[in-house]
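The end of the sequence shown is residue 525 by the numbering used here, with every number in the run present. A short worksheet on the structure shown next.
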Amino acid sequence: GSFLPFKQMYSHIITSGVTVGFGGSAGLESPIVSTGSAIGSNYAKRYKLSYKDRTLLLAAGAAGGIAGAFNAPIAGVLFALEVLLVGINLNAFIPLLIASASGALISKIILQENILLYFKLQQPFNYHNVPFYIVLGILAGLTSLYYVNLFDKVEQKFRKIKSKYWRWIIGGITLAVTFAFFPSLFGEGYESIKHLADLRPELIYKNSLLSDFLTTPFLIFLFLSFTLLLKAFAVGVTLGSGGNGGNFAPSLFVGAYLGFVLAMVLKLMGFEDIPVGNFTLVAMAGILCGVFHAPLTGIFLIAEITGGYELIIPLMIVSSISYVVVKYFHPESLDIKKLRKKGTVISEDKDISILGKIEVETLIEKDFSEIQPEHSLRMIVTAVKHSKRNTYPVVNKNKQLLGIVFLDDIKEEMFNTDLYDKVIAKELMRKPADIIQLKDDIFIIMKKFEESGQWNLPVAENGEYIGFLSKSSILTKYRNELLTSL
């Protein structure tokens with residue numbers, strides 16, 4: 040429920056522009072979305088709006104960003120609904136529509152016809168190609184899974200390099216070598232998408248070191264296939280080594296190549312009437328849907344940038360199949376997985392989403408009297424007199440949690456003064472039923488409460504005692520968050 044920093048209103052535009060300008064293989068749409076969201080968030084902060092209104096403004100900013108980038112207002116609204124908002128009600132549609140329409144209008148005024156992508160269909164939809172579109176949908180789902188897995192692994196591998204300078208050097212050299220052989224991986228890749236849609240693949244490989252060897256359709260097919268497979272690697276290197284960008288444009292890039300490559304294969308097999316351009320466009324929706332788990336966004340984005348709904352049936356077929364395939368193996372999209380790792384969760388389940396917004400660290404209680412293992416019962420009784428708690432963590436001199444003394448466990452001993460100097464805390468303490476680690480997300484924490492049957496559990500970091508977390512405080516916070524989201 041926190042606000043986005045003020046600097047994000049301009050920083051993403053600058054850093055992503057530098058990244059892509061120097062050849063980084065990433066998209067500018069995610070930074071555009073982040074910038075629009077930051078503007079909405081800071082507007083909400085300035086006028087002290089509620090959490091519900093803040094979330095709506097953030098999504099409205101994102102919708103305006105997508106709509107402006109592609110002159111696709113419907114896709115902008117759907118992106119906000121599918122990717123950013125949870126438990127939306129009808130009242131939220133109006134601000135989203137206004138924001139999206141405004142973004143598209145401003146883009147139209149400033150850019151006129153120079154928008155990122157616009158295609159004129161060369162061939163109408165032919166129902167005889169439906170079986171091939173089904174195959175394309177399956178391939179789009181599998182390719183989306185490949186893209187997400189490879190991108191995530193490469194990005195994490197680079198982020199493990201401790202020195203940012205070494206990350207830059209290794210990343211830069213890796214990308215330079217890759218671009219020398221596969222130049223279309225340089226930058227966002229929209230030009231190569233246009234070349235494929237215009238059926239001019241020779242413009243893609245003419246600057247490659249491999250161009251002299253690409254003399255047959257089969258070799259061109261192999262080159263385009265390798266380009267498709269390497270895009271996730273290039274994006275992972277770009278972002279993992281410190282670049283700023285997103286996966287929106289790369290997913291369209293991969294989709295265009297997948298559709299073109301499949302159409303090439305079908306033509307080589309003797310199906311001469313395959314509409315290569317249509318396959319190129321429809322596959323873009325399939326990959327976008329698979330990577331972002333946003334089928335409606337993919338369908339209507341391609342419909343809008345082609346100027347009509349001629350391809351709506353194949354778009355629906357490919358996107359729905361791709362979505363089902365990806366959802367089966369990956370219930371969460373790439374962005375949601377990243378948010379979950381950060382402890383922030385957006386989900387189709389409103390309860391899960393609200394739980395994911397709870398900042399657990401703010402609920403840790405630290406007003407517990409600590410005792411050491413060698414403290415006598417007399418010292419424990421003194422601690423009890425000055426404490427309002429009935430739980431006493433036992434820690435050593437290094438603050439390592441050793442156990443817990445419960446007031447209910449020592450009631451009999453407390454009334455036997457003969458034991459005051461004979462019994463020590465180490466003999467009275469119990470091992471905690473479970474220990475919450477500071478890095479645990481809310482779902483792991485709630486699972487620990489459920490399995491232990493406790494209402495209070497100690498919190499530690501690398502064994503060092505920090506405080507206690509109460510299940511009741513989490514439920515109270517959840518209830519408050521639920522009320523503010525209504």
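Where a beta carbon is used, it is the ideal one built from N, C-alpha and C, also for glycine.
>> My output table needs one value for G506: the three-state DSSP class, helix, strand or coil.
In response: In the three-state DSSP reduction, G506 falls in the strand class (E or B).
>> For G60 and S223, I'd like the C-alpha separation in whole angstroms.
In response: For G60 and S223, the distance between alpha carbons rounds to 14 Å.
> Which partner residues does R469 have in the DSSP bridge list?
Replying inline: According to DSSP, which records beta bridges pairwise, R469 is partnered with I443.
>> Residues in the same chain with beta-carbon distance under 8 Å from K516, minus the five sequence neighbours each way, listed in chain order, please.
In response: Same-chain partners within the cutoff: I397, L402.
>> Let me confirm a value: T254 is counted as buried when at least 16 other C-beta atoms fall within 10 Å, else exposed. Which label applies?
In response: That one is exposed.
>> Closest to I344 by C-alpha separation, out of A77, L97, L95, A106, would be which residue?
In response: When only C-alpha atoms are compared, the closest one is A106.
>> For a quick check, are the C-beta atoms of E409 and P432 less than 9 Å apart?
In response: Taking 9 Å as the Cβ cut-off, E409 and P432 qualify as a contacting pair.
> Exposed or buried, what is S511 when buried is set at 16 or more other beta-carbons lying within 10 Å of its beta-carbon?
Replying inline: Counting Cβ neighbours within 10 Å, S511 comes out exposed, since fewer than 16 surround it.
> What do you get for F445, buried or exposed, if any count of 16 or more other CB atoms within 10 angstroms of its CB means buried?
Replying inline: Classification for F445: exposed.
> For L253, does the three-state DSSP call read helix, strand or coil?
Replying inline: Correct three-state label for L253: coil.
> Looking only at C-alpha atoms, which of F454, V399, H332 sits nearest to M421?
Replying inline: Position check: residue 421 holds Thr in this sequence, whereas Met was assumed. Ranking F454, V399, H332 by Cα distance to T421 puts F454 first.
> Where does the unbroken alpha helix (DSSP H) through V423 begin, and where does it stop?
Replying inline: For V423, the enclosing alpha helix (DSSP H) begins and ends at 416-424.
>> With a threshold of 6 Å on Cβ separation, who are the neighbours of F225 within its own chain once the five nearest residues in sequence on each side are excluded?
In response: Non-local beta-carbon contacts of F225 in its own chain, meaning distances under 6 Å to residues more than five positions away in sequence, involve G62, F218 in chain order.
> If you drop the 5 nearest sequence neighbours on each side, which residues of the same chain put their C-beta closer than 7 Å to that of T58?
Replying inline: A65, T277, G282, N283, G284.
> Under three-state DSSP, which class holds S386?
Replying inline: Caution is warranted here: a pLDDT of 49 is assigned to S386, below 50, making its placement in the model unreliable, and no coordinate value can be reported.
> Are the segment 197-206 and the segment 234-249 in contact at 8 Å, needing three or more beta carbon pairs?
Replying inline: No, they do not touch.
> Looking at L440 and D473, is the spacing between their C-beta atoms short of 9 Å?
Replying inline: For D473 and L440, no; Cβs fall outside 9 Å.
>> So, at 8 Å on beta carbons, what are the nonlocal neighbours of I52 in its own chain, with the 5 sequence-adjacent residues on each side left out?
In response: P70, I71, T74, listed in sequence order.
>> Once the 5 residues before and after K366 are set aside, which same chain residues still bring their CB inside 8 Å of it?
In response: The residues are H332.
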